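Below is one structure; the comments refer to it alone.
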Amino acid sequence: MDVSSLQDRLNTQRLGRSMRLHERVESTNTEAANWARDGAPEGAVVVTEFQSAGRGRHGRSWSAAPGRNVMLSVVLRPNLAPDELGRITIAAGVAVANTVDAFIAPHPVAIKWPNDIMIDGRKTCGMLLETSFGRSSGPTPEAVILGIGLNVNQTDFPPELEEGATSMRLSIGRTLPRTAVLVHLLQELETWYEATLAGEPVHSTYEERLARRGERVTLRFAGTDRTVSGTVRGITPSGALRLVNASGEHILHAGEVTSRPTHVEN
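Read in order, the letters of the sequence shown are residues 553 to 818 in the numbering used here.
Written out as structure tokens, the structure reads:
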């Protein structure tokens, strides 16, 4: 991918107007956070062909073959309190799901709460939102770093991921133009990020793609044995999961949705 030709194709006001492309980095989120501390403008994007220490949620690693996927991080500077940052995750989920759908329709694309993009029930994208307070002494972070790893043309995965992972190429059986995917993604992301900042109800669009909505699931909490089971009702405007069971509605801000319900803990 070439930065200048990529930017020429972008129809955005902010996202991607400042961009750094690397052949290899440890983590695009780390690179973007460092750039943010050095004054990167909002919408600055770090893209890489390969990251050796990519991060996912709950401290997991993100593994992706070099030169086959889209891996990027975006510097955002929203005027949002920490408890409102889930709204960015909502916007990003809608943006990525719409992008994937544009290239692989009619394969069903869903969002597994909070931020995994699924094709035919298998994960093709993960996201990680991290805050950077820098010199900020107030409650609002100086920058928010949104990392996105999208499996575009990868055709094989490590044994531990084979069962649950897929790519856009595996879904439609042909190689996809990664630059076109990235351009589409940045344009979608700017649209939905702007809508979020304007106070539009982006969560209702997210809910239209929410996996397991209306189904009974179990939510597991990382690092503990605690679980909550119930029926997925939807999400709140700030991105928390709404889970309903015999004891009422639970508003859950973190956890991992699994398919096997167990006992209920309040």
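By construction, the Cβ of each residue, glycine as well, lies at the ideal position given by its N, Cα and C atoms.
This one's a predicted model, so the numbers in the text were calculated from it and none came from an experiment.
Extent of the continuous beta strand (DSSP E) to which residue i belongs
i      : result
Ser557 : Taken as a continuous stretch (DSSP letters only), Ser557 belongs to no beta strand (DSSP E), being part of the alpha helix (DSSP H) at Val555 to Arg561.
Asn797 : Leu793 to Asn797
His802 : Gly800 to Leu804
Ser684 : Arg674 to Ser684
Leu702 : Ala695 to Leu702
Ala662 : Val661 to Lys664
Ser790 : Premise fails: Ser790 is in no beta strand (DSSP E) and is neither H nor E.
Glu808 : Glu808 to Thr810
Straight-line Cα distance separating residue j from residue i
i      : j      : result
Asp708 : Glu714 : 7 angstroms
Gly619 : Val577 : 13 angstroms
Arg572 : Pro658 : 33 angstroms
Pro634 : Val648 : 22 angstroms
Asp554 : Leu734 : 12 angstroms
Gly645 : Asp668 : 8 angstroms
Leu632 : Ser790 : 11 angstroms
Ala662 : Ser556 : 32 angstroms
Asn604 : Glu712 : Rather than Asn, the amino acid found at residue 604 in this sequence is Ser. Going by the C-alpha atoms only, they are around 18 angstroms apart.
Ser799 : Ala617 : 45 angstroms
Phe655 : Leu567 : 21 angstroms
Gly782 : Thr580 : 36 angstroms
Pro729 : Ala592 : 28 angstroms
Gly807 : Gly716 : 18 angstroms
Glu752 : Thr743 : 11 angstroms
Arg772 : Leu795 : 12 angstroms
Where the alpha helix (DSSP H) through residue i begins and ends
i      : result
Glu583 : Thr580 to Arg589
Val735 : Arg730 to Leu749
Gly638 : Gly638 to Ile656
Ser723 : Met720 to Ile724
Ser756 : Val754 to Glu760
Candidates the options: closest to residue i by CA position
i      : options                           : result
Ala695 : Arg721, Leu637, Asp668 and Thr779 : Leu637
His805 : Asn797, Ala774 and Ser799         : Ala774
Met720 : Pro711, Asn705, Glu760 and Asp672 : Asn705
Ala643 : Glu759, Gln565 and Gly701         : Glu759
Arg639 : Thr748, Leu771 and Asn621         : Thr748
Gln565 : Glu740, Leu771 and Asn797         : Glu740
Ser723 : Thr757, Asp672, Leu771 and Glu767 : Asp672
Ala596 : Arg674, Thr718, Gly699 and Leu795 : Gly699
Thr582 : Leu795, Ser756 and Leu681         : Leu681
His736 : Asp590, Ser570, Thr651 and Arg569 : Thr651
Short Cβ contact (8 angstroms threshold) for residue i with residue j
i      : j      : result
Trp665 : Ile787 : yes
Thr731 : Asn703 : no
Thr810 : Val769 : yes
Met670 : Ala763 : yes
Arg629 : Glu575 : no
Gly725 : Asn621 : no
Any chain B beta carbon closer than 8 angstroms to residue i
i      : result
Glu712 : Chain labels in this structure do not include chain B; a single protein chain is all it has.
Closer than 7 angstroms: residue i CB and nearest the ligand COA heavy atom
i      : result
Ile724 : The ligand COA is not among the ligands present in this structure, which contains no ligands whatsoever.
Inset, instruction - Would you check if the segment 595-602 and the segment 620-633 touch, i.e. whether three or more CB-CB distances between them fall below 8 angstroms? - result: yes
Inset, instruction - Could you say if the segment 584-592 and the segment 557-566 meet the contact criterion of at least three C-beta pairs nearer than 8 angstroms? - result: no
Inset, instruction - Kindly confirm or deny that the segment 776-790 and the segment 670-686 touch, where touching means at least three C-beta pairs closer than 8 angstroms. - result: no
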